[in-house]
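Undergrad:
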Amino acid sequence: MVGAGLSGAVIGRHLAELGHDVTVIDTRPHVAGNCHTERDAATGVMVHVYGPHIFHTDDAEVWDYVNRFQTFMPYKNRVKTIARGEVFSLPVNLHTINQFFRATMAPAEARAFIDTKADTSITDPQTFEDQALRFVGAELYEAFFKGYTQKQWGVHPSELPASILKRLPVRFNYDDNYFFHQFQGMPRDGYTDMVTRILDHDRITVKLNTRFTRDQTREWDHVFYSGPLDGFYDYDLGRLGYRTLDFERFTHQGDYQGTAVMNYGEVSVPWTRITEHKHFSPWETHEGSVLYREFSRACGPDDIPYYPIRLTAEQSLLRDYVARAEAESGVTFVGRLGTYRYLDMDVTIREALDCARRFETSLARGATMPAFTVKA
Ligand code: UDP
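The C-terminal position of the sequence shown is numbered 378 in the numbering used here, with every residue numbered one higher than the one before it.
Pasting the structure below:
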């Protein structure tokens, strides 16, 4: 397993339980990839080192899986946003609509009202902007989505796919749960503890601070590679675009913002959001507080890749790398970086379980394991 994140850990565990000897390597000094958590020594706060990660899923098998390795504490993601000098509730819900338009509409009235704002001439929204104009109208789009998205992605929302906005619901009731999913929670002792337990098996060896180069592939029966797809080829065709994040860490005595995540919708504020980590563990009490001001920018060669961009220019480069990767034998590309997709944690685990099972049946049938078990 190249990479000790969720993909490598879940596939590794599955294969170890089948009796395979598994080595997991990672260049970083810790497991869990970008969902790594660490308790701050001074305050005792569990910090989401690479930014906020909230576990949510509709997939009962995935939920059972994570609960096997960690106690999940009740946690509902409730996000607020600051725009025009006021604090609003996200995702856009009846409270947001009534506050924004200074009204007291009932659900059906609000729905009818937003319909008058929506651009119904857009029948099949393809871009982020069209999706927003179609479903919430220009005013809410401009207050909550346009500036934030410009800062987050570095391009105009008209250049981004509608799928990014489809992550967020619009609700005509007072439900301010950020996610639709049936299961949601936070690992009691953090994601790193969870991943450490997934990897805790007699047949698994973990080597941190360890690099991988593709000429090492033939030393193994099979390689599952969860590093960047273009990195596998030393970026020789060019770099797939990513956004990276910078976190400006600061501390505070007491409660700084009263909630875990405060978004900033306006372009005049350079950060996208402020995260107050102790609110991710509402079952704990801490006097001190650790916060991150989050800034997004283009990912350079020495930065940590976070969000794959996948615009038109990247698509053709991606196709070239995928074609090359498909010709490989003995290696399967997995996870967010290996398949260059914006993946939530639950989807990553689902795909990892499916991939491990595919490997198992391939072996049993004497078939070859493909380079991709999902479309990159
Ligand atoms: N978004 C926005 N305003 C917000 C929150 C999100 O415009 O206040 C947009 C933005 O483009 C973002 C996308 O919705 O990239 C998905 O948001 P989500 O909260 O799912 O992003 P993540 O937490 O994965 O960064």
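Even for Gly, the Cβ is constructed at its ideal location relative to N, Cα and C.
A quick note: this is a predicted structure, and the numbers were derived from the prediction, not measured.
For N36, verify whether its CB is less than 6 Å away from any heavy atom of ligand 1.
TA: Flag unset: Cβ of N36 not near ligand 1.
Undergrad: Is T98 near ligand 1, judged by its Cβ being under 6 Å from some heavy atom?
TA: T98 Cβ: outside cutoff for every heavy atom of ligand 1.
Undergrad: So the candidates are R173, G340, F335; which of them puts its Cα closest to the Cα of I99?
TA: For I99, the nearest C-alpha among the options comes from R173.
Undergrad: With a Cβ-Cβ cutoff of 7 Å, do T129 and A164 count as a contact?
TA: Against a cut-off of 7 Å, the Cβ pair of A164 and T129 comes out as a contact.
Undergrad: Does the separation of the CB atoms of T246 and I166 fall below 7 Å?
TA: No. Outside cutoff.
Undergrad: Can you give me the C-alpha to C-alpha distance between V387 and R367, rounded to a whole angstrom?
TA: Shown here, the chain extends from 3 to 378; a query on residue 387 therefore has no answer.
Undergrad: Alpha carbons only, please: which of F252, A140, Y176 is nearest the one belonging to P159?
TA: When each option's Cα is compared against that of P159, the closest is A140.
Undergrad: Taking E330 as the reference, give the member of D195, I124, G53, A373 with the closest Cα.
TA: Selected option, being the one with the closest Cα: A373.
Undergrad: Are at least three pairs of beta-carbons, each pair with one atom in the region 33-41 and one in the region 190-207, less than 8 Å apart?
TA: Yes: the two stretches touch, three or more of their Cβ pairs being nearer than 8 Å.
Undergrad: May I ask which residues mark the beginning and end of the beta strand (DSSP E) holding T39?
TA: From DSSP, the beta strand (DSSP E) with T39 extends over 39-41.
Undergrad: Is any heavy atom in ligand 3 found nearer than 6 Å to the beta carbon of R86?
TA: Ligand 3 is not among the ligands present in this structure, which contains only ligand 1.
Undergrad: If you pair each beta-carbon of the region 214-229 with each one of the region 302-316, do three or more pairs fall below 8 Å?
TA: With a cut-off of 8 Å, the region 302-316 and the region 214-229 do not count as touching, because too few Cβ pairs lie within range.
Undergrad: Verify the contact flag: R295, CB atom, against every heavy atom of ligand 1, threshold strictly below 6 Å.
TA: False, no ligand heavy atom lies under 6 Å from that Cβ.
Undergrad: Helix, strand or coil for Y344, going by three-state DSSP, please let me know.
TA: Note: Y344 maps to coil in three-state DSSP.
Undergrad: Given 8 Å as the limit, is there contact between the region 62-80 and the region 203-214, that is, 3 or more CB pairs closer than that?
TA: No: fewer than three Cβ pairs fall under 8 Å.
Undergrad: Between D60, L355, Q186, which has its C-alpha nearest V376's C-alpha?
TA: Answer by Cα proximity: L355.
Undergrad: Give the straight-line distance between the Cα atoms of T122 and R213, rounded to the nearest whole angstrom.
TA: So the two alpha carbons sit approximately 52 Å from each other.
Undergrad: Identify which residue in F181, E19, M371 has its Cα closest to the Cα of P93.
TA: Of the listed residues, the one whose Cα sits closest to P93 is F181.
Undergrad: On the DSSP bridge assignment, give the partners of K209 in chain order.
TA: In the DSSP output, where bridge partners are listed per residue, K209 has I27.
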